[in-house]
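What follows is a short report on a single structure.
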Amino acid sequence: MPKFLNIKNMVKYRIKLTADEVSELSSITKKGSHSTLSYRAALVLLNCDEGEHSLGKSTHKDISNVLKINERTIERIKQRFVEGGLECALERAESSRIYNKKVDGDLEAKIVQICCSDPPEGHARWTVRLVAEKVIELEYIDYISHVSVHNTLKKTKLSLGKSKVG
Numbered sequence: 702m703p704k705f706l707n708i709k710n711m712v713k714y715r716i717k718l719t720a721d722e723v724s725e726l727s728s729i730t731k732k733g734s735h736s737t738l739s740y741r742a743a744l745v746l747l748n749c750d751e752g753e754h755s756l757g758k759s760t761h762k763d764i765s766n767v768l769k770i771n772e773r774t775i776e777r778i779k780q781r782f783v784e785g786g787l788e789c790a791l792e793r794a795e796s797s798r799i800y801n802k803k804v805d806g807d808l809e810a811k812i813v814q815i816c817c818s819d820p821p822e823g824h825a826r827w828t829v830r831l832v833a834e835k836v837i838e839l840e841y842i843d844y845i846s847h848v849s850v851h852n853t854l855k856k857t858k859l860s861l862g863k864s865k866v867g
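So that you can map any letter, position 93 of the sequence shown is 794 in the working numbering, and since no number is skipped, the others follow by simple counting.
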């Protein structure tokens, strides 16, 4: 069994576009504003077409050199077309990943409370990194990044801006 997959050993998807599909893909490449993904997929499908309305078939190597994409990307676009149709090949699939939010209303209130308190000794003001460290130190949560603290403060419109010395 080879260590690396070779494009020649992979499943080949054959593309045979209808006249309507060729027309739609051609219009994507010639006019209007479309996402880069749609534009690239349209070019790949048009150049891989083996049907009777083909504009001329190109090799994967030629397509990948011109579009500056991997040959595997070409196979994936063809696979999405064969398995899901034209719309599936032209659009990005919805993410099925579920994100668990660490910062709920209770933790948000505690972060704001820390920011409104006096800064630690040796510091003139709170920074998002200091707030993150304090939240972990007080065991409100096992880990939180300074970016999450920043996003929480941004959401609550609370600024840790420079304090005025008067």
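We treat Cβ as the ideally placed atom computed from N, Cα and C, and that holds for glycine.
The three-state secondary structure of residue 843, taken from DSSP, is coil.
In the displayed model, residue 729 falls within a helix according to three-state DSSP. Rounded to the nearest whole angstrom, the C-alpha separation of residue 850 and residue 798 is 23 Å. The alpha-carbon separation between residue 820 and residue 801 amounts to approximately 30 Å. The three-state reading of DSSP puts residue 805 in coil, since its state is none of H, G, I, E or B.
The beta carbons of residue 808 and residue 857 sit no closer together than 9 Å.
In the same chain as residue 717, and ignoring 5 residues on each side of it, the C-beta atoms closer than 6 Å to its own belong to 751 and 752, in chain order. If you draw a straight line from the Cα of residue 841 to the Cα of residue 796, it comes to about 30 Å. Scanning the stretch 724 to 777 for uninterrupted beta strand (DSSP E) segments of 3 residues or longer gives nothing; none is fully contained.
For residue 799, the three-state secondary structure derived from DSSP is coil. In terms of CA proximity to residue 773, 745 leads the group 745, 755 and 756.
Per DSSP, the continuous alpha helix (DSSP H) segment holding residue 835 begins and ends at 829 to 838. Taking 9 Å as the cut-off, the Cβ atoms of residue 781 and residue 742 count as close.
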